[in-house]
Amino acid sequence: MKNLLNNGRAVNVRGLNKIYGSGAVAFQALKDVDFHADVGEFLMLSGPSGSGKTTLLSILGCVLRPTSGEVFLFDRDIAPAREDEMPSLRINLIGFVFQGFNLIASLSASENIALVLQLRGWQPKEARREAMKLLTDVGIPEKGNSLPRDLSGGQRQRVAIARAMAGRPPLILADEPTANLDGHTGLQVTTMLKELARVHGSTVVVVTHDNRIFHLADRLVHIEDGRIRKE
Amino acid sequence: MTNTLLHTETQAAGDRPSRSPVRFLRMRTMTRVAMRMIFHDRLKFAGTLFGVIFAVVLTNQQLGVFLGLLSKNTMFIDNAGAELWIVPASTKTLQAGKPLPMSALYTARTIPGVAWAEPLLFGGATISLPAGGSEPLTLIGTTAAHWRGGPWNVVAGTVDALRTPETMFFEDSERDKLGGLNIGSVREVNGHRTIAAGFTWGLLPFGPSYAFTEYDNARVLMGTPSDETSFVLIGVAPGANVDSVEQALAASIHGNQVLSTSEFRSLVLNYLLTQTGIGTTTGSSTIMGLLIGLIIVSLSMFSGVVDNIREFGTLKAIGCRNRDLAFVLLLQATVYAMIGSVIGLRLVSLMSDAIRSPKLALVLPWQVFAATPFAMAFLCGVASLLALKRIRKVEPGMVFR
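What follows is the structure, given as structure tokens:
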């Protein structure tokens, strides 16, 4: 892992463009974006709806291909990566926290976390034990066997954070993690995300327009009309 | 933690363990996901299972009826006790056609390797009913003392009772239809006095039931000349080669056919399948059952994917590949096939017991039972193709929308 971190930049984006569609219906979501996140940084990306922040997050998350530009995750340029390389990039480099939690409904809280670990090559028993440890870290050790439907919104997002942290991925991408939570819970959950990322040494990029959590950011980047406006 | 990390992208190629444990782990993980998903939505599980059970019951029931009909038409050949048959040249099925000359019987008895040869009379007859009217019979004349060609499956009387003049064995399940027959009942068959001497069970071909009488009595009833017969049954001497005896017989019997029991059975089956509607009728019902099952399972699995599209997107986003998700779907399809087959076959078995009668019996050999889960696994696999296609199109990026 160390060799990935030696340039000091977890994310380094240069001249990034993303155009959806073609011809008359073409829409440019990102326009010549330069952007970076340092290793261990807790960075927030804000902007109004349609500003391109989710597009940028999707490209960083290796779930969307850029139209042009360079996207370095640590020392790897992912822009020219083949489609079939993307799943292993995601599993090995990135942990995701989604706006809608996106837990697998049929799996218990601990199984949701263990699933990611097992995809990363952990033995089931070890994965289960680590999942319980992570649930303890996020403050809900007693919910290991609960299905997502039996958890509150805050608890689900805690499980989602534990899942994102599973296996200590070097990069965590969070998409509007407080959108479905009340203000107090949102703040609690984001504080916990920041603290865990610090302990794990992970870089975190949070897309949000929730100004109640802006103060938690090491750095706040504003994006508008597909361009970085201010940092 | 690093001890348990078997493989990551970040490990140097030389440090990587063999891929098989990783692949095995992945399969194990996806198996768990597949099983949890399948049993989580119980309504969908029940709906899909219903489709498989429906397909199993309908196809096996139709197949059982089909095989039952075929077996009814070949049971005489199977139970006659002969290894070889001499049949008229134009014979396509077990029906009295152009008669054989008795010389065929006498020639057969001279062929080395022939242990015994017996004539068999086979033809249509009519029994008059006490209340008026009549019913058709398939009359069979066999010779004492071995009664090769029947009767068999005797449920009342002794076969040697047929030595008594004018006696006949009838089908037990047809007793009411034949005017309340009992042992000792007197009827007219082809205008001749006949006494019921015993009963067989289940000897109902796809046509009039079999009635057995002594050969000479049958000849009188059917008005067959003494130098003619319907078929000649032949037993091969112990140690003799059946094929060689068959060839020797064929070389000596001119103008007629010599067939082994299996050849005669194949001839009859071929005739039934190609020249009658049995094959088309039951075959189309069987295919219809499979098609309906395919559609139900296919739609059910597709809607399962559509309903859980976000979960599949999430699985892709967290690192599952298309082939992992294909494995999930195919495994689910196999589980549906196996559970559906077990329940469906049990239902077919119960149904078979409930409707079993001399007139209708589902014939389901063990091979059909053994093949059903595989056939259903194939059907469910095909049914999951639509869902697989949908899953391939799922973009992991959807989880951010």
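Chains as they are written, first to last, in this note's numbering: chain A, 3 to 233; chain B, 575 to 975.
Yeah, the Cβ is synthetic: ideal placement off N, Cα and C, and Gly gets one too.
{"query": "Contact with chain B by F98(A), beta-carbon distance below 8 Å", "result": "yes"}
{"query": "Same chain, Cβ closer than 6 Å to L960(B), neighbours up to 5 away in sequence not counted", "result": "S872, F876"}
{"query": "Neighbourhood of S70(A) by C-beta, 6 Å cutoff - its chain only, sequence neighbours within 5 removed", "result": "N19"}
{"query": "Positions along the stretch 609–641 of chain B whose CB lies within less than 7 Å of some CB in chain A", "result": "R610, M611, H614"}
{"query": "CA-to-CA distance, E969(B) to A199(A), given in whole angstroms", "result": "27 Å"}
{"query": "Given S90(A) as reference, the closest of S859(B), N896(B), P710(B) once Cα atoms are compared", "result": "N896(B)"}
{"query": "Residues of its chain near P710(B), where Cβ-Cβ distance is below 7 Å and the 5 sequence neighbours each way are ignored", "result": "G698, T700, P782"}
{"query": "CB of G857(B) within 8 Å of CB of L846(B), strictly", "result": "no"}
{"query": "Between the CA atoms of A608(B) and A900(B) - distance to the nearest angstrom", "result": "10 Å"}
{"query": "Opposing strand residues paired with E87(A) [DSSP bridges]", "result": "For E87(A), which the question treats as bridged, DSSP gives no partner whatsoever."}
{"query": "Proximity winner among T667(B), M742(B), L632(B), relative to T648(B) (alpha-carbon distances)", "result": "T667(B)"}
{"query": "Span of the alpha helix (DSSP H) around G853(B)", "result": "852–881"}
{"query": "Through-space distance from A176(A) to H224(A), alpha-carbon basis", "result": "16 Å"}
{"query": "Simplified DSSP assignment, three categories, for V956(B)", "result": "helix"}
{"query": "Chain-order list of residues whose beta-carbon lies under 7 Å from that of A891(B) (same chain, five-residue window excluded)", "result": "P970, V973"}
{"query": "Neighbour flag for V73(A) against chain B, beta carbons, 8 Å", "result": "no"}
{"query": "Minimum Cβ-Cβ distance from Q120(A) to chain B less than 8 Å", "result": "yes"}
{"query": "Cβ contact (3+ pairs, closer than 8 Å) linking the stretch 82–89 of chain A and the stretch 948–955 of chain B", "result": "no"}
{"query": "Coil, strand or helix - P970(B) by DSSP", "result": "helix"}
{"query": "T700(B): first and last residue of the uninterrupted beta strand (DSSP E) it sits in", "result": "688–702"}
{"query": "Assigned secondary structure, N8(A) (DSSP; H/G/I helix, E/B strand, else coil)", "result": "With a pLDDT of only 40 at N8(A), under 50, the local geometry of the prediction cannot be trusted, and the value read off the model is given with reservation. N8(A): coil per DSSP, three-state reduction."}
{"query": "Minimum Cβ-Cβ distance from V909(B) to chain A less than 8 Å", "result": "no"}
{"query": "Per-residue DSSP class, three states only, for E745(B)", "result": "strand"}
{"query": "Straight-line gap, H211(A) to P50(A) (C-alpha atoms, nearest Å)", "result": "7 Å"}
{"query": "Residue environment, S204(A), which counts as buried when at least 16 other CB atoms sit within 10 Å", "result": "buried"}
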